[in-house]
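Following: one structure in structure tokens, then a few remarks.
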Amino acid sequence: MKTVSASTTSTALALLRRALPDPAGPGRVLALMGRIEQARSLDGPAEALRSAVRAVPLGKGRDLLHGRWLGHPVHPVLIEVPVGAWISSAVLDWTPGGRRGAGLLIAVGLGGAVPAALAGLVDWAELEREQARVGLLHATLNVGALGWYAASLKARLTGHPFRGRAYALAGLCTMGAAAAAGGHLAYRQASGANHAEAVPHLVPPGWHPVGPVDALPQGRPVRRMVGEVALAVVRDGDGSCRVLADQCSHDGGPLSEGEVEDGCLHCPWHGSAFRLADGWNAAGPATAPQPVFDTRVQDGQLHVRLRDPHPAPH
-4 MKTVSASTTS TALALLRRAL PDPAGPGRVL ALMGRIEQAR SLDGPAEALR SAVRAVPLGK
56 GRDLLHGRWL GHPVHPVLIE VPVGAWISSA VLDWTPGGRR GAGLLIAVGL GGAVPAALAG
116 LVDWAELERE QARVGLLHAT LNVGALGWYA ASLKARLTGH PFRGRAYALA GLCTMGAAAA
176 AGGHLAYRQA SGANHAEAVP HLVPPGWHPV GPVDALPQGR PVRRMVGEVA LAVVRDGDGS
236 CRVLADQCSH DGGPLSEGEV EDGCLHCPWH GSAFRLADGW NAAGPATAPQ PVFDTRVQDG
296 QLHVRLRDPH PAPH
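The numbering used here numbers the first residue of the sequence shown as -4 and each following residue consecutively.
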């Protein structure tokens, strides 16, 4: 008996070592994720689903689901309901007298998964191809987990408690795999992160020249540099200039290649709109505002200075 136990433990440890990264390479999990990132065969289904999601007439609800009102994506907040309910149900499932409570929590998780999935789909539709490919894996695994938990609830309601527990266990494992893919998407591929967050840390304090004002076209953004930081500069008809960080906070798109409309600079990649006056993200999918620069003209040269963010109103 001890020999069998030792052999099982040794096998489990060997599998874990193969999955985890080591100094010689990324390990099997990261290698698999890398293959998915480069799987061009997923682009067809991704584009079809992307078009369908974008075609849904959500209106202002789209920005609501993006989390623009919150200042960061709302999807990670919403998934706490199904994840918390389902993990708690697993504890109750193996606690004496806890099976009824486990069934209730599974139902709560199924209900909470709907808004979480909607927010995730809206965010996913605005991702780049490599991110969208991993996002498809994340979504597929989540659908699988949803199916297992739905089957578990049905089994419980029809008098098959042990089958219900088995289905719930399968759902928990599938949900864990989905969470791992979601973590890769968020932390390895920076999906949902503020891509302009580093700007205030890279721009030296004080005023910096960026070139002659007369060389700037009117009403059209152009790219200029302050050290290592790219700027999107727009010259108004009266000769005044508006300046934002060029790298879009949503996904790093070049705002200097975008269009100016109604006082906003629109990102050419995903359409986020930023007010030229103060960098505010007037329309998503961006959930964070854009760093904005004060301007002045001396001897025909435009100078810029990073504007301190305004304090939050009390």
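Ideal Cβ positions, reconstructed from N, Cα and C, are used throughout, including at glycine.
This structure is a prediction, so every number in the text was calculated from the model and none was measured.
Assumed close pair residue i, residue j - CB separation to whole angstroms, cut-off 8 Å
i, j, result
"Ala227", "Ser251", "4 Å"
"Thr282", "Arg63", "5 Å"
"Val255", "Asp273", "Incorrect: roughly 15 Å between the Cβ atoms, too far for contact."
"Gly56", "Pro77", "Wrong, their Cβ atoms sit about 21 Å apart, outside the cutoff."
"Val238", "Val299", "5 Å"
"His190", "Asp246", "6 Å"
"Val208", "Leu271", "Not quite, the Cβ-Cβ distance comes to about 16 Å (not below 8 Å), so this is no contact."
"Ala140", "Gly98", "Contact doesn't hold; Cβ gap of about 17 Å is too wide."
"Gly187", "Pro68", "4 Å"
"Ala145", "Ser84", "Contact flag wrong, Cβ pair sits at about 13 Å."
"Val229", "Val205", "About 12 Å; that fails the 8 Å criterion."
"Ala278", "Asp58", "7 Å"
"Val117", "His61", "6 Å"
Same chain, Cβ closer than 7 Å to residue i, five either side skipped, listed in chain order
i, result
"His133", "Ala173, Ala176, Gly177 and Leu180"
"Gly253", "Pro216, Leu260, His261, Cys262 and Pro263"
"Gly96", "Leu87"
"Leu301", "Pro195, Val198, Pro286 and Phe288"
"Glu32", "Glu125, Arg128 and Val129"
"Glu223", "Leu197"
"Leu136", "Thr169, Ala172, Ala173 and Ala176"
"Asp38", "Arg124"
Counted within 10 angstroms of its Cβ, other Cβ atoms place residue i as buried (16 or more) or exposed
i, result
"Leu131", "buried"
"Met(-4)", "Residue placement at Met(-4) is flagged as unreliable, the pLDDT there being 48, under the threshold of 50; a coordinate-derived value is accordingly withheld."
"Trp143", "buried"
"Pro306", "With a pLDDT of only 49 at Pro306, under 50, the local geometry of the prediction cannot be trusted, and no value is derived from it."
"Pro308", "Here the model assigns Pro308 a pLDDT of 44, short of 50, so the residue's position is not dependable and the matter cannot be decided."
"Gly3", "Position check: residue 3 holds Thr in this sequence, whereas Gly was assumed. Label assigned to Thr3: exposed."
"Thr169", "buried"
"Arg304", "Sequence inspection shows Pro at residue 304; the Arg mentioned does not correspond to that position. Label assigned to Pro304: exposed."
"Ala80", "buried"
"Arg128", "buried"
"Arg291", "exposed"
"Glu121", "buried"
"Ala47", "exposed"
"Ser5", "exposed"
"Glu235", "As written in the sequence, residue 235 is Ser, which differs from the Glu given in the question. The residue is exposed, with fewer than 16 neighbouring Cβ atoms inside 10 Å."
"Leu8", "exposed"
"Trp119", "buried"
"Asp294", "exposed"
"Val51", "exposed"
"Pro200", "exposed"
"Pro40", "exposed"
Alpha helix (DSSP H) segment containing residue i, residue limits
i, result
"Asn189", "Element bounds for Asn189: n/a, residue is neither H nor E."
"Thr290", "Not the alpha helix (DSSP H): Thr290 falls in the beta strand (DSSP E), residues Val287 to Gln293."
"Gln126", "Arg124 to Leu152"
"Pro195", "Val194 to Leu197"
"Leu243", "Here residue 243 turns out to be Cys, not Leu, going by the sequence shown. Cys243 -> no alpha helix (DSSP H), and no H or E assigned at all."
"Val76", "Glu75 to Asp88"
"Arg30", "Gly22 to Glu32"
"His61", "Gly56 to His61"
"Arg158", "Pro156 to Gly178"
Spatial neighbours of residue i in its chain, beta-carbon cut-off 6 Å, leaving aside the 5 residues before and after
i, result
"Gly159", "Ser147, Ala150 and Arg151"
Cβ-based neighbour list, residue i, same chain, cut-off 8 Å, excluding 5 preceding and 5 following
i, result
"Pro71", "Ala181 and Gly187"
"Ala225", "Arg218, Arg219, Ala240, Asp241, Gln242, Pro249 and Ser251"
"Asp231", "Gln213, Gly214 and Arg237"
"Leu100", "Ala80, Trp81, Ser83, Ser84 and Leu87"
"Trp202", "Arg291, His298, Val299 and Arg300"
"Pro156", "Arg94 and Ala150"
"Pro21", "Gly29"
Limits of the unbroken beta strand (DSSP E) element including residue i
i, result
"His261", "Cys259 to His261"
"Pro207", "His203 to Pro207"
"Glu254", "Glu254 to Glu256"
Quiz item: Are the stretch 109 to 125 and the stretch 150 to 165 touching by the rule of at least three beta carbon pairs closer than 8 Å?
Solution: no
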